[in-house]
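Worksheet: the structure to be examined is printed underneath.
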């Protein structure tokens, strides 16, 4: 452990501020908390038997029957409502473009372009065919390492991949952009199998594709009925023997990526269960 | 610019340029354009000090894995903008597996100390100031039971970076020891706060730190990716009236 005078300065500074935290714990809670229902001040009279709930605008004009739950929301958030989803994926095709970049190889960094075709069997599950092509960038660390260690760096040069993935989206939510614009999002987990092409897949060794598995996670935002923006991290694992004089090893290519997807059909209609 | 820097910049740009348009209700919505959504931002930051003790782990290391501890003190000018100072010191710098030297029949051996003196990446401390923009506040339902509130932010800042300088091979052969050095740098990153209570949040950040290494004759601009986790404590200053 390398301790310096800076460490002691930081510790003393932060410890001196910690007592102020107690003040923050005692403050009043502003805003609207939807996590717990509020008790109504006066009980509402029950509607006459046989009548359906009807929404009205400010002038009192009928807006037609409303679904269970919506009436309660309009009445002032007195109960915790199950809100319907703002974006429907079930039964839609997704065509996506992504830009991945490696985050675990400081010597040979990889950037690429990828594509995805997915079908959503349900709101939380999709099957996707995914592919990517990569270019490799040799960083200055290669030269520094070669000089310092008087040796050569061995690497598996990743050229491309084709995968079949299952995508599970268990978490769903919404965000406010600058406190006003509401956008829905979900968080997904991804796993699948496929093939990876590296420098050993082509001549002179011509080994063909290496079997590969991938695992990933990310966030998808839905700013329009037909559009999704996403960002995530995907790790791909594949066996490769970069040089015949060294043992075969399990290669790990971890890519951060941003992407955009278009959904077909480009609109949806909410169907009550 | 490295690929991860480009990815980070691209992600930030996408976040800003593709700022979502107003979400539209579907055709079946009886309240379409009649009932505005009430987005209750339960956890407010404006006018508060934020103190964040944190732990940092380096990513994408070439020669040294770095473990750092420190913190950040920020003041929230509004719900969306904050300014702050930050500082971390290194708990450890350990040589990565990439520094192992493998020879024909002798197997692989860790690099010698004199070899490690010749490569960059041995960080000692970082101190700086930054500006953050948090345009996104969100909530999600966890297992249909617990509402989790969070925000997302982008930030950038200037830093003073302390590191162990790099020695040339000739200096190492002459028995020299590397000295400490410091240089001006900067960082760019993405952050998220997951609110655990009124004044406490889990703070997660990913940032790319840039700095120059004096001992390198060429390509002396270094980029180092860090992941940071910490607990943010919010301390109100003065009184603010709620709407």
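Residue numbers (my numbering), protein chains in the order written: chain S, 2 to 274; chain W, 229 to 471. Cβ coordinates follow ideal geometry from the N, Cα and C atoms, glycine included. Keep in mind that this is a model prediction, so the values were computed, not measured.
Going by CA-CA distance only, name the one from the options that's closest to residue i.
| i | options | result |
| --- | --- | --- |
| residue 452 of chain W | W/358, W/308 and W/348 | W/348 |
| residue 391 of chain W | W/413, W/373, W/400 and W/275 | W/413 |
| residue 262 of chain S | S/254, S/110, S/225 and S/156 | S/225 |
| residue 269 of chain W | W/335, W/308, W/445 and W/463 | W/308 |
| residue 99 of chain S | S/90, S/106, S/91 and S/115 | S/115 |
| residue 92 of chain S | S/124, S/244 and S/235 | S/124 |
| residue 367 of chain W | S/186, S/253 and S/219 | S/186 |
| residue 214 of chain S | S/166, S/221, S/140 and S/150 | S/166 |
| residue 423 of chain W | W/458, W/293 and W/384 | W/458 |
| residue 456 of chain W | W/329, W/316 and W/310 | W/316 |
| residue 245 of chain S | S/121, S/220 and S/201 | S/201 |
| residue 162 of chain S | S/172, S/173, S/113 and S/144 | S/113 |
| residue 148 of chain S | W/384, W/444 and W/284 | W/444 |
| residue 300 of chain W | W/382, W/361 and W/311 | W/311 |
| residue 302 of chain W | W/380, W/387, W/314 and W/375 | W/314 |
| residue 196 of chain S | S/227, S/172, S/231 and S/237 | S/237 |
| residue 129 of chain S | S/220, S/151 and S/193 | S/193 |
| residue 105 of chain S | W/286, W/322 and W/405 | W/286 |
| residue 325 of chain W | W/340, W/357 and W/298 | W/340 |
| residue 146 of chain S | W/405, W/355, W/291 and W/276 | W/291 |
| residue 153 of chain S | S/266, S/243 and S/256 | S/243 |
| residue 420 of chain W | W/361, W/407 and W/450 | W/361 |
| residue 364 of chain W | W/273, W/465 and W/356 | W/273 |
| residue 342 of chain W | W/376, W/449, W/323 and W/461 | W/323 |
| residue 305 of chain W | W/338, W/320 and W/278 | W/278 |
| residue 239 of chain S | S/232, S/122, S/260 and S/212 | S/212 |
| residue 140 of chain S | S/270, S/119 and S/110 | S/110 |
| residue 95 of chain S | S/119, S/103 and S/86 | S/119 |
Name the two residues that bound the continuous beta strand (DSSP E) containing residue i.
| i | result |
| --- | --- |
| residue 274 of chain W | Where residue 274 of chain W is concerned, there is no enclosing beta strand (DSSP E), given that its DSSP letter is neither H nor E. |
| residue 1 of chain S | Given a span of 2 to 274 for chain S in the structure shown, any question on residue 1 of chain S remains unanswerable. |
| residue 337 of chain W | 335-337 |
| residue 275 of chain S | As displayed, chain S neither begins before 2 nor continues past 274, which places residue 275 of chain S out of reach and without an answer. |
| residue 116 of chain S | 109-121 |
| residue 155 of chain S | Element bounds for residue 155 of chain S: n/a, residue is neither H nor E. |
| residue 269 of chain W | No beta strand (DSSP E) contains residue 269 of chain W, which DSSP labels as neither H nor E. |
| residue 493 of chain W | Because chain W here runs from 229 to 471, residue 493 of chain W falls outside it and cannot be looked at. |
At what residues does the alpha helix (DSSP H) containing residue i begin and finish?
| i | result |
| --- | --- |
| residue 305 of chain W | Per DSSP, residue 305 of chain W belongs to no alpha helix (DSSP H) and is neither H nor E. |
| residue 347 of chain W | Element bounds for residue 347 of chain W: n/a, residue is neither H nor E. |
Is the beta carbon of residue i within less than 7 Å of some heavy atom of the ligand FAD?
| i | result |
| --- | --- |
| residue 343 of chain W | For the ligand FAD, the structure offers nothing, since it holds no ligand at all. |
Checklist entry - Is the number of C-beta pairs between the stretch 126-139 of chain S and the stretch 156-173 of chain S that are closer than 8 Å three or more? => result Contact holds between the stretch 126-139 of chain S and the stretch 156-173 of chain S, because three or more Cβ pairs, one in each stretch, are under 8 Å apart.
Item to check | Every unbroken beta strand (DSSP E) within the stretch 165-200 of chain S, with a cutoff of 3 residues, ordered by chain | outcome: 182-199
Next on the checklist: Counting only Cβ-Cβ distances shorter than 7 Å, please list the residues of the stretch 152-183 of chain S near chain W, keeping chain order.
Outcome noted: 152, 172, 173, 174, 175, 176, 177, 178, 179, 180, 182 and 183
Next on the checklist: What ranges does the alpha helix (DSSP H) occupy inside the stretch 218-263 of chain S, keeping only unbroken runs of at least 4 residues that lie completely in it?
Outcome noted: Contiguous alpha helix (DSSP H) elements confined to the stretch 218-263 of chain S do not occur, taking only those with 4 or more residues.
Next on the checklist: Would you call the stretch 424-431 of chain W in contact with the stretch 383-400 of chain W, where contact means no fewer than 3 C-beta pairs closer than 8 Å?
Outcome noted: no
Next on the checklist: Whether or not the stretch 320-340 of chain W and the stretch 175-186 of chain S are in contact is what I'm after, with contact meaning three or more pairs of Cβ atoms, one per stretch, closer than 8 Å; do they touch?
Outcome noted: Contact between the stretch 175-186 of chain S and the stretch 320-340 of chain W is not established, with fewer than three Cβ pairs separated by less than 8 Å.
Item to check | beta strand (DSSP E) runs contained entirely in the stretch 357-416 of chain W, provided each spans 3 or more residues | outcome: 374-392
Next on the checklist: If the cut-off is 7 Å on Cβ atoms, which residues from the stretch 431-444 of chain W count as contacting chain S, listed in chain order?
Outcome noted: Listed in sequence order: no entries.
Next on the checklist: Which complete beta strand (DSSP E) runs does the stretch 412-470 of chain W hold, if anything under 3 residues is left out?
Outcome noted: Along the stretch 412-470 of chain W, the beta strand (DSSP E) occurs as fully enclosed runs of 3 or more residues at 428-440 and 449-464, listed in sequence order.
Checklist entry - When you check each C-beta in the stretch 353-369 of chain W against every C-beta of chain S, which residues fall closer than 9 Å? => result Per Cβ criterion, the list reads 353, 355, 363, 364, 365, 366, 367, 368 and 369.
Checklist entry - What residues in the stretch 102-117 of chain S bring their beta carbon closer than 8 Å to a beta carbon of chain W? => result Within the stretch 102-117 of chain S, the qualifying residues are 102, 103, 104, 105, 106, 107, 108, 110, 111 and 112.
Next on the checklist: Which residues of the stretch 305-324 of chain W have a Cβ closer than 7 Å to any Cβ of chain S? Give them in chain order.
Outcome noted: Residues of the stretch 305-324 of chain W with a C-beta less than 7 Å from any C-beta of chain S: 307, 308, 315, 317, 318, 319 and 320, listed in chain order.
Next on the checklist: Please list, in chain order, the residues of the stretch 198-213 of chain S that have any C-beta partner in chain W closer than 9 Å.
Outcome noted: none
Item to check | Under 7 Å (Cβ pairs) to chain S, residues found in the stretch 408-420 of chain W | outcome: None of the residues of the stretch 408-420 of chain W has a beta carbon lying less than 7 Å from any beta carbon of chain S.
Next on the checklist: Any C-beta of chain S within less than 8 Å: which residues of the stretch 395-408 of chain W qualify?
Outcome noted: Of all residues in the stretch 395-408 of chain W, those with a C-beta nearer than 8 Å to a C-beta of chain S are 397, reading in chain order.
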